[in-house]
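The structure appears right after this line, and notes come after that.
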Amino acid sequence: MKSQKSIKKVVVLGTGGTIAGKASHASDNIGYTAAQVGVAELLAQVPGMVGVLAGHLLVSEQVAQIDSKDMSFAVWQSLLQRVTVHLQAEDVAAVLITHGTDTLEETAFFLHSVLPAALINAKPVVLTCAMRPASSLSPDGPQNLLDAVAVALTPGAHGVMAVCAGSVHAALEVQKSHTYRTDAFSSGDAGPLAWVEESAVRLLRNWPLAPLDQAQIAMNTVVNWPRVEIVMNYAGGSAAVVDALLQPMPGVSPLRGLVVAATGNGTMHQDLEAALRRALQAGVRVLRSTRCAQGRVLTAQHAEFAHSNGLSPVKARVALMLELMEA
Ligand code: ASP
40 MKSQKSIKKV VVLGTGGTIA GKASHASDNI GYTAAQVGVA ELLAQVPGMV GVLAGHLLVS
100 EQVAQIDSKD MSFAVWQSLL QRVTVHLQAE DVAAVLITHG TDTLEETAFF LHSVLPAALI
160 NAKPVVLTCA MRPASSLSPD GPQNLLDAVA VALTPGAHGV MAVCAGSVHA ALEVQKSHTY
220 RTDAFSSGDA GPLAWVEESA VRLLRNWPLA PLDQAQIAMN TVVNWPRVEI VMNYAGGSAA
280 VVDALLQPMP GVSPLRGLVV AATGNGTMHQ DLEAALRRAL QAGVRVLRST RCAQGRVLTA
340 QHAEFAHSNG LSPVKARVAL MLELMEA
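Converting from the sequence shown to the numbering used here requires adding 39 to each position, the first position being numbered 1.
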C-alpha cells in the first residue's frame, strides 16, 4: 500500500467535445450537442479505471466546455496555463485533456510547440476524445479515456500525444482523417507512435520530444495573436481571395501571414502565385504547405515561398502565428 505522500496524481482537464456530448436518442451518433457533460462525470462513468490507475489519484478540472470547432485562442491560453501549472507540480505524474476531435490536432501541436521542453520531455500530456457522444448506445469515449490513462502511466512516457481508438499519435503528426468513424485519426507516413492493447502500451517508436526551437510566449498575459489565414489552390484558382485578404478591413487586425494549401508538391495556379508575390511585397509572411493528406513539400521550385517543413496547413498556420508573436 502506497503512503499518502507518494501517491501521484493524473490530472484530467476537460474542454468539451463529442466525448462530452449528448443526443436525445441513444441511437443518434450525429444529431447531438457537444460539450454537455462535465469532465468529472465522464471519468466517473469509466469501468475499470481504478485498475488502470494503479494507485494513482485521478483529479479533474473543467477548463472549458465547448465544441472544438469553436476553439479560441483564449481557451488555448487557459489550457496552456493550467497544463503548465500541473506539469510543474511534483505530485502530478501526467496531464490528460479531453477535447473535441475537430481541432484536436491544432491544440496538440500548439501545446507541443509552446510547453516548456523540460516539462514535456519528462512527463506526458495526452489528449483524448470521442467520435460518438456520451449518450450513445456504444460510446467510444470511456475506452479512449481508459487508454489515455494507460498511455499516461506507461513508465518513461513523455511528450504531447493523442489517443483515439487504441492508437497513440504524436502531436506533430496527428491529423483527423475521417469524418465519422471511431478510428478517426492518422499519423500519415510516420504511422502511430504506439498501440494500446487491453491497457498495455506497445510502443512502436520513441516517445516524442519537445521541438528544439520551442516558442517562447508569455501566456500569463493577454496575447495578441497575429492574423494568419489559409488559402487553397484549386482548378480555376485566382488572385481574388489573396487580394481581398490584403485589403484593410475595419475592426479586423491586419493580415500578417498566409499559409497556402498548395496542390501536390507545392504547386499553385499562376494567378494565385502572383497574388502571393504581392502579399510578400506587402510584408505578409507566406508559407507553402500542401492540400495532399500525406507527404511534405520538397523545395525544387517556387523557392521564393518558404515551405512548411512538412506541417499540414492548419499546423503551419499555428507555427507561423507563434513565430510572428516572437518576432
Ligand atoms: N465537433 C466536435 C468537436 O470537435 C466533434 C468531435 O468532438 O468529435 O468538438
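For every residue, glycine included, the Cβ atom is placed at its ideal position computed from N, Cα and C.
Quick caveat, the model's predicted, so the values are computed rather than measured.
Comparing alpha-carbon positions, which option in the options lies nearest residue i?
i	options	result
Cys203	Met88, Arg330 and Ser225	Ser225
Ser372	Ser328, Arg356 and Ser66	The chain is shown only over 40 to 366; residue 372 falls outside these bounds and no answer can be derived.
Met271	Leu243, Gly305, Val291 and Arg317	Gly305
Val114	Thr142, Glu129 and Thr57	Thr142
Gly205	Lys48, Cys331, Val240 and Leu315	Val240
Leu248	Arg356, Lys47, Pro155 and Val124	Pro155
Ala79	Glu100, Gly60 and Asn68	Glu100
Gly303	Ala278, His346 and Gly56	His346
Thr218	Gln120, Lys47, Gly53 and Thr57	Thr57
Val262	Gln84, Gln116, Val122 and Val76	Gln116
Asn183	Ala358, Ala147, Val199 and Glu236	Glu236
Thr167	Glu343, His64, Ser292 and Val207	Val207
Tyr71	Ala169, Leu242 and Val353	Ala169
Ile269	Ala157, Gly90 and Arg330	Arg330
Leu211	Ala157, Ser292 and Pro250	Pro250
Run the CB neighbour count on residue i, radius 10 Å, all protein chains shown included, and call it buried at 16 or more, exposed below.
i	result
Ser174	buried
Gly180	buried
Pro194	exposed
Gly290	exposed
Glu144	buried
Asp228	exposed
Gly94	exposed
Thr338	exposed
Lys162	buried
Gly230	exposed
Pro86	exposed
Asp252	exposed
Gly275	exposed
Ala223	buried
His64	exposed
Ser328	buried
Ser45	exposed
Ala355	buried
Tyr273	exposed
For residue i, which residues in the same chain have their Cβ closer than 7 Å to its Cβ, ignoring the five residues on either side in sequence?
i	result
Pro265	Arg295, Gly296, Met360, Leu363 and Met364
Arg244	Leu232
Ser292	Arg266
Is it true that the CB of residue j sits closer than 8 Å to the CB of residue i?
i	j	result
Leu92	Val190	no
Met307	Val299	yes
Asp109	Lys48	no
Ala278	Ala314	yes
Ala283	Ala201	no
Arg317	Leu285	yes
Val357	Phe344	no
Trp246	Ala301	no
Leu185	Met88	yes
Since residue i and residue j should fall inside the 8 Å C-beta cutoff, what is the C-beta to C-beta distance between them, to a whole number of angstroms?
i	j	result
Val50	Val102	So it is not a contact: roughly 11 Å between Cβ atoms.
Ser216	Ala332	7 Å
Ser152	Ala74	Not quite, the Cβ-Cβ distance comes to about 25 Å (not below 8 Å), so this is no contact.
Leu311	Val281	7 Å
Val165	Ala133	7 Å
Ile159	Val199	6 Å
Ala59	Leu81	6 Å
Ser351	Gln214	6 Å
Residues in the same chain with beta-carbon distance under 6 Å from residue i, minus the five sequence neighbours each way, listed in chain order, please.
i	result
Gln320	none
Lys41	Because the pLDDT at Lys41 is just 49, under 50, the model does not fix this residue reliably, and the value given afterwards should be weighed accordingly. Result list for Lys41: Gly94, in chain order.
Asn36	Residue 36 cannot be examined here, being either before or after the span of the chain that is shown, 40 to 366.
Gly349	Arg335
Phe112	Trp264
Leu118	Val102
Thr407	Nothing can be reported for residue 407, as the shown portion of the chain is limited to 40 through 366.
Val76	Ala59 and Ala173
Val353	Glu145
Does any residue of chain C have a CB that is nearer than 8 Å to the CB of residue i?
i	result
Cys168	Note that chain C does not occur in the displayed structure, where there is just one protein chain.
In chain order, what residues of the same chain have a beta carbon less than 8 Å from the beta carbon of residue i, not counting five sequence neighbours either side?
i	result
Gly55	Ala73, Ala74, Ala103, Gln104, Ile105, Asp106, Ser107, Thr137, His138 and Gly139
Val122	Leu52, Val134, Ile136, Leu150, Leu154 and Val164
Gln84	Ala173 and Pro181
Val323	Leu285, Leu294, Arg295, Gly296 and Leu297
Leu96	Ile46, Lys47, Lys48 and Val49
Leu192	Val49, Val91, Leu92, Ala93, His95, Ala132 and Ala133
Trp234	Gly205, Ser206, Val207, Val240, Arg241 and Leu243
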